[in-house]
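**Student:** The following block contains the structure, expressed as structure tokens.
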Amino acid sequence: MADKTDKQLLHLVIGGELSSLEGVTFADLDKVDIVGVYPNYAAAEKVWRAKAQQTVDSAQTRYFIVHLHRLLDPESAGA
Numbered sequence: 011m012a013d014k015t016d017k018q019l020l021h022l023v024i025g026g027e028l029s030s031l032e033g034v035t036f037a038d039l040d041k042v043d044i045v046g047v048y049p050n051y052a053a054a055e056k057v058w059r060a061k062a063q064q065t066v067d068s069a070q071t072r073y074f075i076v077h078l079h080r081l082l083d084p085e086s087a088g089a
């Protein structure tokens, strides 16, 4: 179990087919790939890179890293 003084910096990896290359609107929300939640940016980036590589032939498909810790605690968003 993590030390209670350690701050979690949770990150979400999510992706799917976009409706347009110019935006970040998913074409079909039912098909969004919620890959997972990771304890830090490095772990999320590793998974993000793997998913992005798997979909390299699909120009409409994008994966993103969402900084959940910034949404959960906006007052410390600088972390």
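Position 17 (the sequence shown) corresponds to 27 in my numbering; numbering is contiguous.
Ideal Cβ positions, reconstructed from N, Cα and C, are used throughout, including at glycine.
For residue 34, which residues of its own chain have a beta-carbon under 7 Å away from its beta-carbon, when the five flanking residues on both sides are left out?
**Tutor:** In the sequence shown, the residue the question calls residue 34 occupies position 24. Excluding sequence neighbours, residue 34 sits near 28.
**Student:** Please state the DSSP three-state secondary structure of residue 32.
**Tutor:** Walking along the sequence shown from the start, residue 32 turns up at place 22. Correct three-state label for residue 32: coil.
**Student:** Determine the DSSP secondary structure at residue 40, reduced to helix, strand or coil.
**Tutor:** Within the sequence shown, numbered from 1, the residue matching residue 40 stands at position 30. Note: residue 40 maps to helix in three-state DSSP.
**Student:** Can you list, in chain order, the residues of its chain with a C-beta nearer than 7 Å to that of residue 72? Leave out the 5 residues immediately preceding and following it.
**Tutor:** Translated into positions along the sequence shown, residue 72 becomes position 62. Counting only Cβ-Cβ distances below 7 Å, and skipping sequence neighbours, we find 25 and 28.
**Student:** Please name the residue, chosen from 74, 36, 66 and 17, that lies closest to residue 54 on a Cα-to-Cα basis.
**Tutor:** By one-based count along the sequence shown, residue 54 stands at place 44. It is 74 whose Cα lies nearest to the Cα of residue 54.
**Student:** Bridge partners of residue 27, per DSSP?
**Tutor:** Within the sequence shown, the letter at position 17 stands for residue 27. According to DSSP, which records beta bridges pairwise, residue 27 is partnered with 71.
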